[in-house]
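Protein chains: 4
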Amino acid sequence: MDIGLIGLGHMGTPVARNLIKAGHRLTVYNRTRAKAEALAGEGAGIAPTIAEACRAEVLITLLADDAAVESVVFGPGGVLDSLPGGAIHLSISTISVALSERLLQSHQSRSQVFAVATVFGRPEAAAAAALFIVAAGHNAALAKCEPLFEAIGQKSFNLSERPADANLVKLAGNFLIASVIESLGEAVALIRKAGVDPHRFVEILTGSLFAAPVYKTYGTIIANEAYEPAGFKMPLGLKDVRLALAAAEALNVALPVASLLRDHFLTGLAQGGAESDWSALARLSAKNAGL
Amino acid sequence: MDIGLIGLGHMGTPVARNLIKAGHRLTVYNRTRAKAEALAGEGAGIAPTIAEACRAEVLITLLADDAAVESVVFGPGGVLDSLPGGAIHLSISTISVALSERLLQSHQSRSQVFAVATVFGRPEAAAAAALFIVAAGHNAALAKCEPLFEAIGQKSFNLSERPADANLVKLAGNFLIASVIESLGEAVALIRKAGVDPHRFVEILTGSLFAAPVYKTYGTIIANEAYEPAGFKMPLGLKDVRLALAAAEALNVALPVASLLRDHFLTGLAQGGAESDWSALARLSAKNAGL
Amino acid sequence: MDIGLIGLGHMGTPVARNLIKAGHRLTVYNRTRAKAEALAGEGAGIAPTIAEACRAEVLITLLADDAAVESVVFGPGGVLDSLPGGAIHLSISTISVALSERLLQSHQSRSQVFAVATVFGRPEAAAAAALFIVAAGHNAALAKCEPLFEAIGQKSFNLSERPADANLVKLAGNFLIASVIESLGEAVALIRKAGVDPHRFVEILTGSLFAAPVYKTYGTIIANEAYEPAGFKMPLGLKDVRLALAAAEALNVALPVASLLRDHFLTGLAQGGAESDWSALARLSAKNAGL
Amino acid sequence: MDIGLIGLGHMGTPVARNLIKAGHRLTVYNRTRAKAEALAGEGAGIAPTIAEACRAEVLITLLADDAAVESVVFGPGGVLDSLPGGAIHLSISTISVALSERLLQSHQSRSQVFAVATVFGRPEAAAAAALFIVAAGHNAALAKCEPLFEAIGQKSFNLSERPADANLVKLAGNFLIASVIESLGEAVALIRKAGVDPHRFVEILTGSLFAAPVYKTYGTIIANEAYEPAGFKMPLGLKDVRLALAAAEALNVALPVASLLRDHFLTGLAQGGAESDWSALARLSAKNAGL
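Protein chains in written order, with our numbering: chain A, 1 to 291; chain B, 1 to 291; chain C, 1 to 291; chain D, 1 to 291.
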């Protein structure tokens, strides 16, 4: 399939590689052109402009935040102006529910198709084509994207016909991961202060009721106190919790644990944690405990 | 082995059955004698007094709370008075770290052995001999109890030589389960209010990063809003969170998520939830969201 | 002095009356013209457009929120386009720190003067010319506005030369008032459930350490459970706490009590409290306590 | 009147002085006898035992906590054993509601009278006979104690006939003071990080809606960051919040702000604040903000 891809960050680059490996004709665009050129040798076409990346059946955006997506889509010569009628804009970025709804309306008014495929997994999982994919949009669009999902993920879920639902589920999922980090961090601070070995504690948890990837990944990081280099930086964690809170606020839903997470991320950042993994929430718990 | 067992509640009865099935000579004592007699037909001996249950190599207590354990152990004619020197008191109850430390000292002063084996799993898991066991105490004592662990659980962890460590890990573990319930409840309230199907949401979570028993069990209950009959009642949830907070307070450790859980359990109880499962925390989130 | 005033809501109307009473030549503009006409009989001139209200030495804006101020100031034919060079835009509205900073820059680039005078006090206090005023801006501008402050308030404070400081202090002050409401609401729920008379409780507090207007006003409302009609509606309370949180987030400052307030306001709104006074936070505490 | 007084700490000593000044015959008992002897020169009789202090019409206890009161009252040769029938035990200590109820029953069973007079005010206020007194108990008993209240306080409130109500109101009041400290601390952290002068901020608050002693006292301490020497130490603050939480828990009432206070006190203690004033909660907010 002819695919365009805009955004070659920590997630975009491995996704691009897996699409090429799966045999798709991929054209990439990145604001910093060097990152795009790195993929040329592996078979990617380089688009000098957003408009040229849009000459595709499916145009993927995988960008850092709302502002980046808005600038790429709504700017002059942007995706909205350039995507052919009937072509699909598949948004993989973690963005707000509100922006996702605006994108849907904007694309519909141009007879373009908008679909969302949010992904769970850190860069290693992206490299291993082992992402979990939560897709939403019209069935025909999702069916067309299915080969892409197979190329980049280990499993995909067709959630609903409303694209923004996939954004909300992604935000709710990241909220749940952050909750795991926070509660694990508090529990580990407690048992460490009592003199119990945190590695043994994590081993027991993940060997019993908590035998899930998220506990294994973060339990290990927290027991090792290995928050740098970051797999997912604290400011991104704050961003996602903020987006979950914003989506909830629009519906008058309180999320007390998310409020607490937001406060702890801010404190972590105020104390110099901008380059740390978001699991450094646990370092704050340890510090507060006097460890 | 000759085993005594005091306490035939939701957990004690299936544990007793599995000990008998594994071929141990079991003598049981229960304050309400009828529950003990129900097991007579299955091969258990009935002890008319605590003292007679204590004529054993290992005396197991599996009681509701600190008060019940204190009454059985420290009262006249209680475990402390009755257990032979060198015999083991194996405490399975979820009790405070402070009481566990007091039990250790009391038994040591009588040349009795005190060990702890806390368990993770609901009554169904106890019936299926599928509990997870966290044991702590002198190695010789734990080695002697190993056949009992095999009879009642699917897996046991030897944590450390200090019995109270196993109590702390149990409390920390229950705190983590309650945290999962709370954050799941908040996330489900959010996605339900946005019109997303909660069953599909739970399916996605447990089919990806959250593929752990605890998310499957509680995700299903919450999606079904099926909080009665209770597997583990709200007052017990409050009790365990309170014990975790007490253990943490003794060490000057703040557990903000546990504080939030405590508040939500109290609100649930004030609104009539005493007979509901502790996962009815999620009903409170739904109610607060106006669902 | 020649004064223009835009915004005749609950606060704007009594402020306008007091300016007229003090002998100033006042021209008013309101989107809904009827509210302006009501003041014509009292001596106010009616401006048919924003531009005509701007023909003044001091143009006051007293509007509901950021969006209203942005629309009045930045729109075509708005304040920025219309205010004479050297004239003062005095902003009394409770708006975000970020918007205040943007207003300062925009006015400076047009050689106009921007100053802020935020006020504490409910509509009754505005009617009685008993507001407390926190002013910030260049000293010359504040000196010129001093007669206006005397006309509408009982006391004014010259805070600093940076206008946005007055917005921040207003948000911090409203956060403190909301904190008083929340903690009073919790305390009253407790003593009421214990059978203590809440009126007596409030009388004791305000007759001893808490002899401040804010405790008298809100203590009485809460003891009487008289949340309607609202003096200051819950959505406005949420708005101000949200602005305080936003100002704090921009500086990486966590405000845990504000987070809790935000959650409680959202729950109050989800349960139908949009027309209630913001002190109906206390009704939520009572409800949660099963009262 | 013949008065006995047990407990000569920071509050007991000035209270004793004011009783002597008012002309009462005072006999004092203190575990550390030196503190009692210091008062001998001012006219106090020294009781070598608790029993001798109890030879009085009114026996006042003013002790640090539940444990101290229990030891003095229930021990052999204690208040319960020694107080004459019909004499009054007036408890001024900040103790739990549960202990107060137990004291009432115990004294009634001995035909002794139990009444409570809790006080608001720091040691300086005690020295100046400027305490606020909240009294509860049978009217006859309170009438008899009225001259004592006049000797030590500026104002007394007769709350109800149930002594424990005065304990609850004291705990609720201290909870409210701690809430003021916490929210002030957060607000000051915010405005300081924005570059606003905290002294000016406190001046504005206490010159307008927050013109109450509690804001003046703590606003000044916080603006000055002068947490040592302590007027009321952090462990005592934690104790009182804990007692408020316990009273609320017995009634299934959640106090979210109190939970937050408890967490922050624990963190303050874990970081070495045991000798600091309880208003050092504000230091934690500043630290968390990176100040």
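Glycine is no exception: its CB is placed at the ideal position from the N, C-alpha and C atoms.
So which residues of chain C does residue i contact, with C-beta pairs closer than 8 angstroms?
i: residue 215 of chain D; result: 212
Consider the Cβ of residue i: report whether some Cβ of chain C lies at a distance smaller than 8 angstroms.
i: residue 147 of chain D; result: no
i: residue 193 of chain D; result: yes
i: residue 98 of chain D; result: no
i: residue 284 of chain D; result: no
i: residue 183 of chain D; result: yes
i: residue 160 of chain D; result: yes
i: residue 179 of chain D; result: yes
Give the interface partners of residue i over in chain A, defined as CB-CB distance under 9 angstroms, in chain order.
i: residue 290 of chain D; result: 267, 269, 270, 271 and 272
Along chain B, in chain order, which residues have C-beta atoms closer than 9 angstroms to that of residue i?
i: residue 262 of chain D; result: 245, 249, 254 and 259
i: residue 134 of chain A; result: 204 and 208
Could you pull out every residue in the same chain whose Cβ sits closer than 7 angstroms to the Cβ of residue i, ignoring the five residues on either side in sequence?
i: residue 106 of chain C; result: 80
i: residue 42 of chain D; result: 17 and 20
i: residue 237 of chain C; result: 178, 265 and 278
i: residue 123 of chain D; result: 10, 11, 14 and 231
Check the Cβ of residue i against every Cβ in chain D and list those closer than 8 angstroms, keeping chain order.
i: residue 277 of chain C; result: The premise fails here: residue 277 of chain C is roughly 16 angstroms from chain D at the closest Cβ pair, so nothing lies under 8 angstroms.
i: residue 3 of chain C; result: By Cβ distance, chain D contributes nothing, its closest Cβ being about 24 angstroms from residue 3 of chain C, past 8 angstroms.
Is there a Cβ of chain B sitting closer than 8 angstroms to that of residue i, yes or no?
i: residue 207 of chain A; result: yes
i: residue 37 of chain A; result: no
What do you reckon, are the CB atoms on residue i and residue j nearer than 8 angstroms?
i: residue 60 of chain A; j: residue 4 of chain A; result: yes
i: residue 22 of chain A; j: residue 30 of chain A; result: no
i: residue 280 of chain D; j: residue 234 of chain D; result: yes
i: residue 116 of chain C; j: residue 132 of chain C; result: no
i: residue 209 of chain A; j: residue 213 of chain B; result: yes
i: residue 162 of chain D; j: residue 136 of chain D; result: yes
i: residue 258 of chain C; j: residue 175 of chain C; result: yes
i: residue 180 of chain A; j: residue 169 of chain B; result: no
Find the residues of chain A that neighbour residue i, judging by a C-beta separation of less than 7 angstroms, and give them in chain order.
i: residue 187 of chain B; result: 172, 175 and 176
Say whether chain A places a C-beta atom closer than 8 angstroms to the C-beta of residue i.
i: residue 21 of chain B; result: no
Which chain B residues are close to residue i, counting only those with a beta carbon under 8 angstroms from its beta carbon?
i: residue 155 of chain A; result: 207 and 208
i: residue 169 of chain A; result: 191, 196, 201 and 204
Is there a Cβ from chain D that is less than 8 angstroms from the Cβ of residue i?
i: residue 165 of chain C; result: yes
Excluding sequence positions up to five away, which residues of its chain have a Cβ less than 6 angstroms from the Cβ of residue i?
i: residue 147 of chain D; result: none
i: residue 130 of chain A; result: 154
i: residue 223 of chain B; result: 198, 199 and 202
i: residue 63 of chain B; result: 7, 69 and 93
i: residue 25 of chain C; result: 2
i: residue 216 of chain C; result: 206
Does residue i get closer than 8 angstroms to chain E when you measure Cβ to Cβ?
i: residue 124 of chain C; result: Looking for chain E here will not work: the only protein chains present are A, B, C and D.
Going along the chain, which residues of the region 103–130 of chain A sit with their C-beta nearer than 9 angstroms to a C-beta in chain B? Within the region 103–130 of chain A, the residues whose Cβ lies closer than 9 angstroms to some Cβ of chain B are 120 and 121, listed in chain order.
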